[in-house]
Amino acid sequence: MRDFLRLLRLLGPSWRWQATGILLGVLVIVSNVGLLALSGWFIAGMGLAGLGLLRIEYFLPAAAIRALAIARALGRYLERLVTHEATFHLLSDLRVWFYIRLEPLAPARLQRHRAGDLLSRIRADIDSLDNVYLRVLAPSVTALLCTILILGFLARFSTGAALADFAGLVLVGVALPLAAFRAGRSSGRQAVALRGQLRAEIADTVRGFEELQVFGAMERQIARHEAAYAQLTVLQQRETLVEAAAGGAALFLVQATMLAALVVAIPLALARTLPGPDIAMIALLVLASFDAVSGLPGAYRALGQTLAAARRIFEIVDTEPAVREPAQEAATPAGFDITFRHVSLRYDDADAWALQDVSFHIPAGGALGVMGQTGSGKTSLGNLLLRFWEFQEGEILVGGVPIDTLSGDTMRSYCAVIAQQTHLFNTSIRENLRIARPAATVAQMEQALTEAGILDEVRAMPQGLDTMVGEMGTRLSGGQARRVAIARAFLKDAPILILDEPTEGLDAFSEHIVINALGRLTRGRTTLLITHRPQALGNIAQVLELERGTVLSRSKT
Ligand SMILES: Nc1ncnc2c1ncn2[C@@H]1O[C@H](COP(=O)(O)OP(=O)(O)O)[C@@H](O)[C@H]1O
Ligand SMILES: [Mg+2]
-7 MRDFLRLLRL
3 LGPSWRWQAT
13 GILLGVLVIV
23 SNVGLLALSG
33 WFIAGMGLAG
43 LGLLRIEYFL
53 PAAAIRALAI
63 ARALGRYLER
73 LVTHEATFHL
83 LSDLRVWFYI
93 RLEPLAPARL
103 QRHRAGDLLS
113 RIRADIDSLD
123 NVYLRVLAPS
133 VTALLCTILI
143 LGFLARFSTG
153 AALADFAGLV
163 LVGVALPLAA
173 FRAGRSSGRQ
183 AVALRGQLRA
193 EIADTVRGFE
203 ELQVFGAMER
213 QIARHEAAYA
223 QLTVLQQRET
233 LVEAAAGGAA
243 LFLVQATMLA
253 ALVVAIPLAL
263 ARTLPGPDIA
273 MIALLVLASF
283 DAVSGLPGAY
293 RALGQTLAAA
303 RRIFEIVDTE
313 PAVREPAQEA
323 ATPAGFDITF
333 RHVSLRYDDA
343 DAWALQDVSF
353 HIPAGGALGV
363 MGQTGSGKTS
373 LGNLLLRFWE
383 FQEGEILVGG
393 VPIDTLSGDT
403 MRSYCAVIAQ
413 QTHLFNTSIR
423 ENLRIARPAA
433 TVAQMEQALT
443 EAGILDEVRA
453 MPQGLDTMVG
463 EMGTRLSGGQ
473 ARRVAIARAF
483 LKDAPILILD
493 EPTEGLDAFS
503 EHIVINALGR
513 LTRGRTTLLI
523 THRPQALGNI
533 AQVLELERGT
543 VLSRSKT
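Note that the sequence shown covers residues -7 to 549 in our numbering.
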């Protein structure tokens, strides 16, 4: 229930579209019911008038019938239009809402989830959340409003008929679907499980085809599948039976309700408290009123799925971010020197220290080389500067300002990163550069490419800046991809540079070109150069060597 209320609160921003959609739905049903009832009344009335038993004015009802027919058709069209609009608004609101909550969790909290699992939550679960409006809320509210309107109208002619109709609506709209759901639940569940099992087994059979033939085990395997199929057929028969019984019972109840209403209303006509044609109207009104509850069975089914999806979404949204943002930004740093004082980091309470008591100072515009074997904690230094993780002990200062008093976004805006696995998006070189500066002009991009030492190569490509780099940049050579990343860093023009094994995986020639480009990039920027290859250090004055998270040695030249 709490989850459901929370879900309803998410519907907020596009409520106008949603309410309009529901009102149009009510209009459609009321027109439809009105059309049937009025037609019944009109035909009966005309019949009696033809026999000279009654005088009726026929112009107005005939016009009303036409008006109702038009309202029904037009209303249905508009309802579809508006509810779709409402659903799309809702979907985009929900996606943005989820993304805003997801972002602070990356990467620290999201590494617990597999990428496929997250993707399915973003796509499938969010998509099924929009059902809460279209398939749960709209049919329920429509059913409620229509029932009130129809019964209110009916009660003016016969309270008894209205009560009978009410009982019928509750039975058909609420009791019967719930009973059918109960009856079909266990065989439905078994069927889903069995189908999955069968699929897996058959895939296994196909894969093991040769072995089964060689060992003469095919017959036995087929017999097993046939037995499972027979079991599935029994379950499906039971499901179909429940469905058919529910459908039949609903039909029966609808007719029985109409009969009950007639039984109540006919004596009124005989006693002349009700005009004859009203009997026809009441009968058809009761019959048509079941239109109002026709969406309810689907609503119950959708509700279960939607709540399950909502719980999966809430579980992520409620995760506490690893890095707490300061309530108020501290003053902006005056310069960009970096100080680590006795910093210790543990990725998880149960893990060993990834960094322990690490201290260093990089003067503004200066550089620090960090060496060490894999797993010694080099990348973790960058993770802390980028505010992806929180450190447990010590102090990190940028321009004298503790970085936990700056927001993550601010801190990241000061940094550019070139890493071995710097990501290029599967789009053009131009768009990949624009990530760093969306408003960059072609001249600025070409300037950055020049400094990265790759402009000539880009110009030589048939599509120039519009060359598509392929998935993960695979259409460029390793060295080219790295230099596009460097050009991106030039465009961002950030005062702090984190170079995390920037020449890793390159051949000697590409490494040489990339090191030259990096030499230009690091000029005047505070640089953390992480590498495990001494030759990549160039003429960096200060070098720190890490071993299992602690400082093994420091050298200054
Ligand atoms: N995201 C992470 N979650 C948990 N442990 C991590 C994570 N990243 C690194 N570690 C651990 O922290 C230690 C240091 O890793 P890292 O800084 O990546 O070393 P390096 O960059 O020197 O190879 C290693 O023991 C590693 O297993
Ligand atoms: Mg690393």
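Even glycine gets a Cβ: it sits at the ideal position worked out from N, Cα and C.
By the C-beta criterion, the region 175 to 183 is judged not to be in contact with the region 280 to 287, since fewer than 3 inter-stretch pairs fall below 8 Å. Of GLY541, ALA55, ALA220 and ALA263, the smallest CA-CA separation from ARG187 is found for ALA220. Look at VAL362 here: in three-state DSSP terms it is strand.
Cβ-Cβ distances below 7 Å link ALA78 to SER6, TRP9, GLN10, GLY13 and TYR125 in the same chain, with the five nearest sequence neighbours on each side left out; the list follows chain order.
Annotation: LEU378 is outside any alpha helix (DSSP H) and is labelled neither H nor E by DSSP. Assignment of beta strand (DSSP E) within the region 43 to 104, counting only whole runs of 3 or more residues, yields no such run. The beta carbon of LEU491 lies closer than 6 Å to those of ILE410 and LEU521 in the same chain, with the five residues before and after it left out. MET210 has no beta-bridge partner at all, per DSSP. At least one heavy atom of ligand 2 lies less than 7 Å from the C-beta of ASP492.
Assigned with DSSP and collapsed to three states, GLY386 falls in strand.
With a threshold of 7 Å, the Cβ atom of THR414 does not count as near ligand 2, since no heavy atom of the ligand is closer than that. Annotated three-state conformation of VAL166 is helix, per DSSP. Classified as buried, SER150 has 16 or more neighbouring CB atoms from the shown chains inside 10 Å of its CB. Excluding the 5 residues flanking it on each side, ILE62 has no same chain C-beta neighbour closer than 6 Å. Short note on GLY386: C-beta not closer than 7 Å to any heavy atom of ligand 1. The region 414 to 433 makes no contact with the region 524 to 536; the number of CB pairs closer than 8 Å stays below 3. Cα atoms of ILE118 and ARG104: separation of roughly 20 Å, rounded to the nearest angstrom.
Between MET460 and ARG451, the gap from beta carbon to beta carbon reaches 8 Å or more. Within 10 angstroms of the beta-carbon of MET403 lie 16 or more other beta-carbons, which makes it buried.
In this structure the region 156 to 172 does not touch the region 47 to 64; the number of beta carbon pairs closer than 8 Å is below three. Looking at the DSSP output, LEU538 sits in a beta bridge with GLY364 and VAL543. GLY37 and LEU46 do touch by the CB rule: their CB atoms are close to 6 Å apart, below 8 Å. Under the DSSP assignment, PHE501 falls in the alpha helix (DSSP H) whose first and last residues are 500 to 514. By the rule of a C-beta closer than 5 Å to any heavy atom of ligand 1, the residues picked out are TYR339, ALA346, THR366, GLY367, SER368, GLY369, LYS370, THR371 and SER372. Between ALA346 and ARG338, the C-beta gap is smaller than 8 Å, which places the two residues in contact. Excluding five sequence positions before and after GLN223, the CB atoms of its chain that fall closer than 8 Å to its own CB belong to LEU186, given in chain order. In the structure shown, SER420 adopts extended strand secondary structure according to DSSP, grouped into three states. Judged by DSSP in its simplified three-state form, HIS415 adopts coil rather than helix or strand. Closest option to ARG58, judged by alpha-carbon separation, among ASN24, LEU86 and LEU82: ASN24. Here LEU483 is near ALA440, since their CB atoms are less than 8 Å apart.
Taking the CA atoms as reference points, LYS370 sits about 12 Å from GLN348. Judged by DSSP secondary structure, SER351 falls outside any alpha helix (DSSP H) and instead within the beta strand (DSSP E) spanning 347 to 354.
DSSP places MET403 within a helical segment (H, G or I) once states are collapsed to three. Between the region 361 to 370 and the region 535 to 547 there are three or more C-beta pairs closer than 8 Å, enough to call the two in contact.
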